[in-house]
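Peer 1: Please see the structure below; I have some questions.
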Amino acid sequence: MPTPAKLFDTHCHLFETGFEGPNGVRMPAHDEELDAYQRFRRSAGIEHSLVVGYDEGGYAGNSGYLGTLAATREWLSPLRFTPNGGEVATRASAYPGDPKHAEQLAAQLIAQASAGRAPSIVSLNAPPAAVAALTPAIRQLENTWFLIAHLGLPGPITNPAEVRDRLAPVLSLAGTANVTVKLSGQYAATTGGHPHTDVQPIVDTLAEVLGINALVWGSDFSPCLDFITFDQAVDCVLPAGVTTEEAHAIYFQNAHQNFELFAGANA
């Protein structure tokens, strides 16, 4: 199926001096990564991008850099990094890697909502156990758009019968209107290379339980380039039997509608 003419990238990264992944792929010159992404977005037809901040280790200050970029680029919406135990920005990224940190984040989200400071958008890099700990907060903050990254981080699943058990916390959010799952980072849930056919049962289960309207596309630029090309990131695994209209919804319309709905909800 041809890729839709326009895309909404719900998950990319931009680092001032480049991201260095495990395989050593890096664009270290100042703004070289930005220039590369801008070429990709023009060629792929990306109309808007949620740029996920990450301020740990050698990437300290990334959120500030993204804020500077956004000031002169309407297509770029930065999601400010949330440190463990810290304030969650209006448009935020968070990386609760285990239930303990997820519980801390959930408490912070609920406290902010009670004080009238609920965020409008939160991108979550969270494995299933962390999603379980966050579920009460996700359900309570109805005016916050939660985007669960990278298929819910299930890791490779060699037995399709195990998909529902592995992703149970994510699947339990079926019918929760403020939740979408990004079909990004598929390389991290496969034991082989592109086209990542062993991810198909994961994608199909997400579509079956959550619905097509809960799925969105993300490139995971530039970390993805350690494993695949940008074109391969666009050519991701979609639900089996997806129609042209459903593909358009995943690549663009679902994210576009949610951004329009939630971006100003708590501004």
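FYI, in our numbering the residues of the sequence shown are 153 to 419. Note that beta-carbon positions come from the ideal geometry of N, C-alpha and C, so glycine has one too.
Based on Cα-Cα distance, which residue from 354, 356, 355 and 339 lies nearest to residue 348?
Peer 2: Translated into positions along the sequence shown, residue 348 becomes position 196. Considering only alpha carbons, the answer is 339.
Peer 1: Does any C-beta atom of chain B lie closer than 8 Å to the C-beta of residue 388?
Peer 2: Checking the listed chains, one finds no chain B in this structure; it contains a single protein chain.
Peer 1: Can you tell me where the alpha helix (DSSP H) holding residue 355 begins and where it ends?
Peer 2: Walking along the sequence shown from the start, residue 355 turns up at place 203. First-last of the alpha helix (DSSP H) with residue 355: 352-362.
Peer 1: Closest to residue 220 by CA distance: which of 168, 237 and 399 is it?
Peer 2: Working through the sequence shown from its first residue, we reach residue 220 at position 68. When each option's Cα is compared against that of residue 220, the closest is 168.
Peer 1: Taking only runs of the beta strand (DSSP E) that begin and end inside the region 201-248, which ones reach a length of at least 3 residues, in chain order?
Peer 2: Counting only runs of 3 or more, we get 228-233 and 243-246.
Peer 1: Taking the C-alpha atoms as reference points, what is the distance between residue 239 and residue 270?
Peer 2: Position 87 of the sequence shown, counted from the first residue, corresponds to residue 239. Position 118 of the sequence shown, counted from the first residue, corresponds to residue 270. Residue 239 and residue 270: Cα-Cα distance of roughly 10 Å.
Peer 1: Once you ignore the five residues that flank residue 155 on each side, which residues in its own chain have a CB closer than 6 Å to its CB?
Peer 2: Here the question's residue 155 lines up with position 3 in the sequence shown. Excluding residues within five positions, the ones whose Cβ falls inside 6 Å are 386.
Peer 1: Cβ of residue 322 within 8 Å of Cβ of residue 355?
Peer 2: By 1-based counting over the sequence shown, the position of residue 322 is 170. By 1-based counting over the sequence shown, the position of residue 355 is 203. In this structure, residue 355 does not lie closer than 8 Å to residue 322 by Cβ.
Peer 1: With DSSP run on the structure shown, which of helix, strand or coil describes residue 309?
Peer 2: Within the sequence shown, the letter at position 157 stands for residue 309. Note: residue 309 maps to coil in three-state DSSP.
Peer 1: Okay, do the region 392-408 and the region 372-380 touch, 3+ Cβ pairs below 8 Å being the bar?
Peer 2: No, because fewer than three Cβ pairs between the region 392-408 and the region 372-380 fall closer than 8 Å, the two stretches do not touch.
Peer 1: Taking only the alpha-carbon atoms, compute the straight-line gap between residue 296 and residue 237 and give it to the nearest angstrom.
Peer 2: By 1-based counting over the sequence shown, the position of residue 296 is 144. By 1-based counting over the sequence shown, the position of residue 237 is 85. Using only the alpha carbons, I get a separation of about 19 Å.
Peer 1: So residue 290 and residue 325 are in contact, right, with Cβ under 8 Å, and what is the actual spacing, rounded?
Peer 2: Here residue 290 refers to the residue found at position 138 when the sequence shown is read from its first residue. Here residue 325 refers to the residue found at position 173 when the sequence shown is read from its first residue. 7 Å between Cβ atoms; contact.
Peer 1: Excluding sequence positions up to five away, which residues of its chain have a Cβ less than 7 Å from the Cβ of residue 294?
Peer 2: Looking up residue 294 in the sequence shown gives position 142. The answer, listed in chain order, is 330.
Peer 1: With a threshold of 7 Å on Cβ separation, who are the neighbours of residue 184 within its own chain once the five nearest residues in sequence on each side are excluded?
Peer 2: On the sequence shown, residue 184 is found 32 positions in, with the first residue counted as 1. Counting only Cβ-Cβ distances below 7 Å, and skipping sequence neighbours, we find 170.
Peer 1: Look at residue 231 and residue 204 and say whether their C-beta atoms are less than 8 Å apart.
Peer 2: Translated into positions along the sequence shown, residue 231 becomes position 79. Translated into positions along the sequence shown, residue 204 becomes position 52. Result yes, Cβ atoms of residue 231 and residue 204 sit closer than 8 Å.
Peer 1: Pick helix, strand or coil for residue 346, following the three-state DSSP scheme.
Peer 2: Reading the sequence shown from its first residue, position 194 is the one you call residue 346. Three-state DSSP puts residue 346 in coil, outside helix and strand.
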